[in-house]
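Note sheet for the following structure.
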Amino acid sequence: MADNPAQILAAAVAADPARPLLTWYDDVTGERTELSGATLANWVAKTANLLVDDAGLAPGDRAAALLPPHWQTAAVLFGCWSAGVPVIVGPPEPVEVLFAAADRLSEAADWPAGDRYALALAPLAAPLREVPAGFADYVLEVRGQGDHFTPPPGAGAPDAQLTERATERAAALGLTAGDRVLVDADRHPDPVDWLLAPLAAGASVVLCAGLDPARRDARLTTERVTRILD
Numbered sequence: 001m002a003d004n005p006a007q008i009l010a011a012a013v014a015a016d017p018a019r020p021l022l023t024w025y026d027d028v029t030g031e032r033t034e035l036s037g038a039t040l041a042n043w044v045a046k047t048a049n050l051l052v053d054d055a056g057l058a059p060g061d062r063a064a065a066l067l068p069p070h071w072q073t074a075a076v077l078f079g080c081w082s083a084g085v086p087v088i089v090g091p092p093e094p095v096e097v098l099f100a101a102a103d104r105l106s107e108a109a110d111w112p113a114g115d116r117y118a119l120a121l122a123p124l125a126a127p128l129r130e131v132p133a134g135f136a137d138y139v140l141e142v143r144g145q146g147d148h149f150t151p152p153p154g155a156g157a158p159d160a161q162l163t164e165r166a167t168e169r170a171a172a173l174g175l176t177a178g179d180r181v182l183v184d185a186d187r188h189p190d191p192v193d194w195l196l197a198p199l200a201a202g203a204s205v206v207l208c209a210g211l212d213p214a215r216r217d218a219r220l221t222t223e224r225v226t227r228i229l230d
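UniProt numbering numbers the first residue of the sequence shown as 1 and each following residue consecutively.
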């Protein structure tokens with residue numbers, strides 16, 4: 001059994017690195033992005049290296065994530081958890097690093113933070129068209145990081161309770177290994193719901209923003225969905 005969120009991801013990837021682990025849909029833009037376990041793990045390793053090598057964070061330092069459910073958010077969250085960096089979402093308080101979606105930069109101004117990264121959350125992981133003052137572009141910064149990350153001693157301790165919550169939530173939802181779970185991102189912003197609980201159960205996620213009811217039934221068939229969280 002996993003002791004921390006990073007171990008949840010490691011177990012999910014080890015089961016089959018090539019299987020689709022997180023599939024992202026945005027029905028407003030028409031985007032579909034599918035990440036295998038190996039691909040998501042690569043983004044996570046790069047993010048963790050960004051935090052440790054560039055930002056100089058250590059286990060117990062804290063991050064803020066002003067981000068909606070999204071595949072890049074999954075990389076940020078697991079990157080933080082892998083480095084032993086707890087993630088908070090509010091109210092504003094001092095943190096060592098802050099990640100913010102481009103449409104939440106005014107909100108980010110209320111957070112005392114060290115390093116700041118902005119995310120466009122654009123299709124094909126496109127960078128920001130213009131990097132705001134005081135921020136670095138997450139996509140541009142993370143791409144140059146190493147592809148492998150070794151968690152430092154004590155990295156799992158700060159987030160051990162998240163694993164317990166995820167395991168309990170997976171049981172409450174009746175999720176099992178091999179399930180393909182469709183999640184309405186607009187209705188389930190808590191990453192325990194849209195990310196950790198399914199992976200803790202050995203399931204994979206089809207995460208949909210702006211879910212178009214007219215496309216729902218076809219998507220259930222196309223993605224071979226077995227459970228729905230909407």
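The beta carbon of each residue, even a glycine, is placed where N, CA and C say it ideally should be.
Since the model is a prediction, treat every value here as computed from it, not as a measurement.
When you compare only the Cα positions, how much space is there between residue i and residue j?
i, j, result
"T167", "A2", "9 Å"
"D27", "A108", "26 Å"
"Y138", "L162", "25 Å"
"V181", "G56", "36 Å"
"P94", "A113", "6 Å"
"F78", "L9", "8 Å"
"A48", "A185", "24 Å"
"A18", "E34", "11 Å"
"N4", "A160", "5 Å"
"A38", "A74", "14 Å"
With residue i and residue j assumed to form a contact (beta carbons below 8 Å), what rounded beta-carbon distance in angstroms separates them?
i, j, result
"L51", "A6", "So it is not a contact: roughly 13 Å between Cβ atoms."
"A203", "G178", "7 Å"
"residue 240", "P132", "With the chain covering 1 to 230 only, the question about residue 240 has no answer from this structure."
"F135", "R116", "5 Å"
"L22", "V205", "5 Å"
"V225", "L207", "Between L207 and V225 the Cβ distance is about 12 Å, and since that is not below 8 Å, they are no contact."
Here's the rule: buried if 16 or more other CB atoms are within 10 angstroms of the residue's CB, otherwise exposed. What is residue i?
i, result
"D193", "buried"
"A176", "Note that residue 176 is Thr in the sequence shown, not Ala. T176 is exposed by the Cβ-count criterion."
"H70", "buried"
Entirely within the UniProt domain "AMP-dependent synthetase/ligase" (11-88) and at least 3 residues each: give me those beta strand (DSSP E) ranges in chain order. Unbroken beta strand (DSSP E) runs of no fewer than 3 residues, entirely contained in the UniProt domain "AMP-dependent synthetase/ligase" (11-88), are found at 20-26, 31-36 and 63-66, following chain order.
Any chance the segment 181-199 sits against the segment 113-125, with 3 or more Cβ pairs inside 8 Å? Touching, no, given that fewer than three Cβ pairs across the two stretches are closer than 8 Å.
To test your reading of the DSSP string, which unbroken alpha helix (DSSP H) runs of 4 or more residues are found completely within the segment 165-220? Entirely contained in the segment 165-220, the alpha helix (DSSP H) runs reaching 4 residues are, in chain order, 197-200.
Complete runs of the alpha helix (DSSP H) confined to the segment 115-141 [at least 4 residues]: Runs of the alpha helix (DSSP H) inside the segment 115-141: none found.
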